[in-house]
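S.K.: Start counting the sequence shown at 3; every next residue gets the next number (our numbering).
Beta carbons: idealized from backbone N, C-alpha and C, even for Gly.
Just so it is clear, the structure is predicted and the values come from calculations on it, not from any experiment.
Submitted below is the structure of interest, expressed as structure tokens.
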Amino acid sequence: METLIALSPLLLMFLLMWFFIIRPAQKRQKATKNMQTELRRGDRIVTIGGLHGLVDAVDDATIYITVADGTRMQFERQAIARVLESAKATI
3 METLIALSPL
13 LLMFLLMWFF
23 IIRPAQKRQK
33 ATKNMQTELR
43 RGDRIVTIGG
53 LHGLVDAVDD
63 ATIYITVADG
73 TRMQFERQAI
83 ARVLESAKAT
93 I
């Protein structure tokens, strides 16, 4: 029983760290992965590097985007930071 009481501050610190650091990070990671798997043709996106474009085609691991002047570029799915406007919302 004394061992449990002695370890209780350490266990409490671990629980607090899990609730305030690890759990929110896992939620963000899951939301980002979900967003990257649900990309569709016509979505307006921003890459990690800050490039804005329109999704032109989607493959298993890559995304083809068109930028303002009609240039078509190829990116990995993991390079997409966020979706500005979903094609689902505009239909």
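Counting only runs of 3+ residues fully inside the segment 11-82, write out the beta strand (DSSP E) ranges in chain order.
M.R.: If we require 3 residues or more, the beta strand (DSSP E) runs fully inside the segment 11-82 come out as 46-49, 54-60, 64-68 and 74-78.
S.K.: If you measure between the beta carbons of ILE67 and ASP58, is that distance less than 8 Å?
M.R.: Position 65 of the sequence shown holds residue 67. Position 56 of the sequence shown holds residue 58. Yes; because the gap between Cβ atoms is below 8 Å, this pair is in contact.
S.K.: Could you name the residues that DSSP lists as bridge partners for GLU87?
M.R.: Position 85 of the sequence shown, counted from the start, is the residue given in the question as residue 87. In the DSSP output, where bridge partners are listed per residue, GLU87 has ARG46.
S.K.: Whole angstroms is fine: what's the gap from LYS90's alpha carbon to ASP45's?
M.R.: Within the sequence shown, the letter at position 88 stands for residue 90. Within the sequence shown, the letter at position 43 stands for residue 45. About 8 Å.
S.K.: CA-CA distance, THR5 and GLU87?
M.R.: Numbered from 1 along the sequence shown, position 3 holds the residue referred to as residue 5. Numbered from 1 along the sequence shown, position 85 holds the residue referred to as residue 87. Cα-Cα distance, rounded: 55 Å.
S.K.: Beta-carbon within less than 7 Å of VAL48's beta-carbon, same chain only, minus the 5 sequence neighbours each way: which residues are those?
M.R.: By 1-based counting over the sequence shown, the position of residue 48 is 46. Hits under 7 Å: HIS54, ALA83, ARG84 and LEU86.
S.K.: Under 8 Å between the Cβ atoms of THR1 and GLN76?
M.R.: Outside the displayed range of the chain (3 to 93) lies residue 1, so it cannot be described from this structure.
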